[in-house]
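Student: Quick one: the structure is below, and I'll ask about it shortly.
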Amino acid sequence: PKVTYIRAGHLFDATSDNRRDNVVIVVEGDRIKSVEAGSFAIPNGSTVIDLRNATVLPGLIDCHTHLTARADRYDPINYFKGTPFTEGFAAVRNAHSTLLAGFTTVRDVGSPPFAAVDLRNAINDGFISGPRVVASGPPLSITGGHGDVNGFSPETRVTLFPDQRDFRIADGVDQVRQTVRAQVKYGVDVIKVLATGGVLSQGDSPGAPQFTFEELKTAADEAHAAGRKVAAHAHGAEGIKRAILAGIDSIEHASLANDEDIALAKEHGTYFVMDIYNDDYILGKAVEFGLPAANVEKEKMVGRTQRENFEKAFKAGVKMAFGTDAGVYPHGDNAKQFKYMVQFGMTPAQAIRAATFNAADLIGRSKDVGTVEAGKFADIIAVSDDPLANVQALENVQFVMKGGVVYKDKIANTAVA
Ligand code: ARG
């Protein structure tokens, strides 16, 4: 396999909060072979990527995306305007933007039936470019819950959403078990359940629990038996508590977590994945794109509290992984969340590790991604400004390599030494 040498002025490898200066990263095929001191003798005739004026980091990981979603479609009537192709086309474009923004791995936690699974496969085949995708199926929802399509006549149920009963809507432990098994059968990597109401859904309340403890435990046990992790959308305190006690691996949003939830998450080692950027977009742009007033009111109830609870949970020692709900805002803007993570209590190094080392742990891929170390995939990004001084440097990623292949290069001088 081909060997490439990357000369890095600074390396934040994400194994700790520290950075190193002046190193050579040896890439062989799609993996990192070794990380050497700057004095390492690069053999004559080698391909050398010169990032001596940059900070090199592991490819970023977003644990909460919806790659099929467009952030310019907020009118609920859009449910009736598209076809599966609408979402397929969006996914191809969104995957590309995400990769070029420096996110070389994402977990997709809800795209209609199996779009994320197909997308993952097309990217892995090399047919289209995009990040590594850890794919869920459609999120499991109770009837009338956050994942159901509410507010229309009963006629719409069977004619327009035939997949709902098979792969998405589940009531009672038997249906939950069957749905998880069906999703596993069709190739998902992770199970997503909706444990409370939501902000952007119609007719439900973010604070209200959805699914009983027994249903959530069935989802978690069934997913784990199949070697899959399980993520729970949960804003409200009671839903968060049930999900943690059910053995779910991550709480998504965690907006209204109370002290008991925070203590339980810490005790159980449950990750919080808190999307604290998108409030800006929802209260700004989404309104222009047709978001109903009721949803705006719901956002106002959770946005500010979620940011405060991010700080509270982090300071209490809850494990945090980076996740943004991309698709709510435009794909490719994922790094805009770092600023808020720093504003609400993390150092830049801690925020970056949430999006690399911790994220890899949560998604169960630490053997392959999340750090720049020998043996990992050569998923490597670079920025010219210092992200440890100003984390917003990550909003402008100038170099992206995934699996040893360069997808973007705005700074390196690649030459044969
Ligand atoms: N998908 C989520 C929901 O509809 C978005 C929540 C966004 N708001 C927030 N403050 N994180 O519930």
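So in my numbering, spot 133 of the sequence shown is number 133, and the numbers just go up one at a time. C-beta atoms are modelled at their ideal positions from N, C-alpha and C, and glycine is treated no differently.
Tell me which same chain residues have a C-beta within less than 8 Å of the C-beta of D221, skipping the five on either side of it?
Tutor: Excluding sequence neighbours, D221 sits near G247.
Student: Sort G102, E311, G198 by Cα distance to Q392 and report the nearest one.
Tutor: Taking only the C-alpha atoms, the option nearest Q392 is G102.
Student: Give me the DSSP bridge partner(s) of P58.
Tutor: In the DSSP output, where bridge partners are listed per residue, P58 has I380.
Student: On the criterion of 16 or more Cβ atoms from any shown chain inside 10 Å, does D189 qualify as buried, or is it exposed?
Tutor: Buried.
Student: Are the stretch 5-15 and the stretch 51-66 touching by the rule of at least three beta carbon pairs closer than 8 Å?
Tutor: The stretch 5-15, when compared against the stretch 51-66, does touch it at the 8 Å Cβ threshold.
Student: If you check the beta carbons only, do I240 and A254 fall under 8 Å apart?
Tutor: Yes, the pair counts as a contact, with Cβ atoms nearer than the cut-off.
Student: Grouping DSSP H, G and I as helix and E and B as strand, with all else coil, what is D50?
Tutor: In this structure, D50 counts as strand in the three-state DSSP scheme.
Student: In this structure, how does DSSP classify G429 when only helix, strand and coil are distinguished?
Tutor: Any property of residue 429 remains undetermined from this structure, which presents the chain solely from 1 to 417.
Student: Please classify A360 as buried or exposed, where buried requires at least 16 neighbouring CB atoms within 10 angstroms.
Tutor: The residue in question, A360, is buried, as its Cβ has 16 or more Cβ neighbours within 10 Å.
Student: Pairs of beta-carbons, one from the stretch 181-199 and one from the stretch 217-237, closer than 8 Å: are there three or more?
Tutor: With a cut-off of 8 Å, the stretch 217-237 and the stretch 181-199 count as touching, because enough Cβ pairs lie within range.
Student: Kindly provide the chain-ordered list of residues whose Cβ lies closer than 7 Å to any non-hydrogen atom of the ligand ARG.
Tutor: The answer, residue by residue, is H146, G198, V199, L200, S201, P206, H233, H235, H253, S255, D275, I276, N278, D279, I282, E299, V302, G303, Q306, D325, V328.
Student: Whole-angstrom Cβ separation of V397 and I411, contact assumed at under 8 Å?
Tutor: About 10 Å; that fails the 8 Å criterion.
Student: How is the beta strand (DSSP E) around M401 delimited, first residue to last?
Tutor: First-last of the beta strand (DSSP E) with M401: 399-402.
Student: Please report the straight-line C-alpha distance between N124 and S46, rounded to a whole angstrom.
Tutor: If you take the alpha carbons of N124 and S46, they lie about 27 Å apart.
Student: Give me the residue from Y186, D62, K185, I142 with the minimum Cα distance to R168.
Tutor: When each option's Cα is compared against that of R168, the closest is I142.
Student: Determine the direct distance from the alpha carbon of P131 to that of T98, and round the result to whole angstroms.
Tutor: Near 7 Å, if we compare the C-alpha coordinates of P131 and T98.
Student: In angstroms with no decimal places, state the Cα-to-Cα distance between G197 and A135.
Tutor: About 22 Å.
Student: Once the 5 residues before and after G172 are set aside, which same chain residues still bring their CB inside 8 Å of it?
Tutor: The answer, listed in chain order, is E215.
Student: What are the complete beta strand (DSSP E) segments, minimum 3 residues, inside the stretch 218-283?
Tutor: Listed in chain order, the complete beta strand (DSSP E) runs (minimum 3 residues) inside the stretch 218-283 are 229-234, 250-253, 271-273.
Student: Mind checking which residues open and close the beta strand (DSSP E) that includes V133?
Tutor: It spans 132-135 - the beta strand (DSSP E) in which V133 sits, taken as one unbroken run.
Student: CA-CA distance, R242 and F213?
Tutor: If I take the Cα positions, the gap works out to 5 Å.
Student: Answer yes if the stretch 366-381 comes into contact with the stretch 59-69, meaning at least three C-beta pairs across the two stretches below 8 Å, and no otherwise.
Tutor: At 8 Å Cβ cutoff, the stretches touch.
Student: Using the C-alpha atoms, what's the distance from E267 back to A354?
Tutor: One C-alpha to the other measures close to 19 Å.
Student: Assign A69 to one of two classes, buried (16 or more other C-beta atoms within 10 Å of its C-beta) or exposed (fewer than that).
Tutor: Its Cβ being crowded by 16 or more others within 10 Å, A69 is buried.
Student: To the nearest angstrom, how far is the alpha carbon of G29 from that of Q175?
Tutor: Whole-angstrom Cα-Cα distance: 45 Å.
Student: Given a threshold of 16 other Cβ atoms within 10 Å of its Cβ, counted over all protein chains shown, does G227 qualify as buried or as exposed?
Tutor: With fewer than 16 other Cβ atoms within 10 Å, it is exposed.
Student: Could you tell me how far apart the beta carbons of L119 and A90 are, in whole angstroms, since I believe they sit closer than 8 Å?
Tutor: Going by Cβ atoms, the distance from L119 to A90 rounds to 10 Å, so no, they are not a contact pair.
Student: State whether the stretch 310-319 contacts the stretch 271-290, with contact taken as three or more CB pairs (one from each stretch) at a distance under 8 Å.
Tutor: Contact between the stretch 310-319 and the stretch 271-290 is present, because at least three Cβ pairs lie under 8 Å.
Student: In angstroms with no decimal places, state the Cα-to-Cα distance between D386 and T15.
Tutor: Computed Cα separation, rounded: 18 Å.
Student: Report the CB separation of E373 from V149 in whole angstroms; it is logged as a contact under 8 Å.
Tutor: So it is not a contact: roughly 45 Å between Cβ atoms.
Student: By the DSSP assignment, the alpha helix (DSSP H) with G172 in it spans what residues?
Tutor: Counting along the chain, the alpha helix (DSSP H) containing G172 begins and ends at 172-185.
Student: For I352, which three-state DSSP category applies?
Tutor: Residue state, collapsed to three classes: helix.
Student: Tell me, which residues are paired with T105 by DSSP?
Tutor: DSSP output for T105 lists I61, R132 as bridge partner(s).
Student: Could you please give the first and the last residue of the uninterrupted beta strand (DSSP E) stretch that includes R7?
Tutor: Where R7 is concerned, the enclosing beta strand (DSSP E) stretches over 3-11.
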